[in-house]
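Okay, so here's the structure we're looking at.
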Amino acid sequence: MYATEGFTLATGVHAPSPVLLAVFALGGLVALWCGVSWAFDVRGITTSRSERIRRKNADTWAAMGRLDASPTVFATPGYLRFLGALMAFAGLVLLIVSYALWHLG
């Protein structure tokens, strides 16, 4: 008796929560803005971040007694621009999902 009532409640058609729509839309806007900033190196964000990563790696390696820092792909501006492009794409997907949920509701 109780299991079937819970099942019908779980499969019932409900409008999406406005909080859920706001979270998807806000998350999509933030991811899109940050991704575009990283991908197109707005105000030198990507190059300064890669330089900070490189300096941090060099300091870490120097503290361990090694003279040269390990060359890593994660500290290159190209890798950070690639991550920015992925983040911008994810932001677009979140915005499309929130738009679809809003219209399907």
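With this note's numbering as the guide, the letters of the sequence shown map in order to residues 373 to 477. Backbone N, C-alpha and C fix where the C-beta goes; we use that ideal spot for every residue, glycine too. None of the values given here were measured: they were computed from a predicted structure.
From this set, A394, G400 and R427, which residue's C-alpha is nearest A460's C-alpha?
Closest by alpha carbon: G400.
Assuming contact is defined by CB atoms lying nearer than 8 Å, are F446 and I425 in contact in what I supplied?
Yes, Cβ-Cβ distance for F446 and I425 is below 8 Å.
Does DSSP classify S479 as helix, strand or coil?
Residue 479 lies beyond the range of the chain shown here (373 to 477); nothing can be said about it.
Just reading off the alpha helix (DSSP H) that P388 is part of, what are its end residues?
No alpha helix (DSSP H) contains P388, which DSSP labels as neither H nor E.
Just confirm the distance between the C-beta atoms of W405 and R453, as a whole number of angstroms; I'd bet it's less than 8 Å.
Not a contact, Cβ separation roughly 15 Å.
For F379 and A387, what's the separation of their Cα atoms in angstroms?
Bear in mind that the predicted position of F379 carries a pLDDT of just 48, short of 50, making it unreliable; the figure below should be weighed with that in mind. Spanning the two alpha carbons is a distance of roughly 17 Å.
Using DSSP with H/G/I as helix, E/B as strand and the rest coil, what is M373?
Residue placement at M373 is poorly supported in this model, since its pLDDT is 49, which falls under 50; the coordinates are not used for a value here.
May I ask which residues mark the beginning and end of the alpha helix (DSSP H) holding A457?
Where A457 is concerned, the enclosing alpha helix (DSSP H) stretches over P449 to L476.
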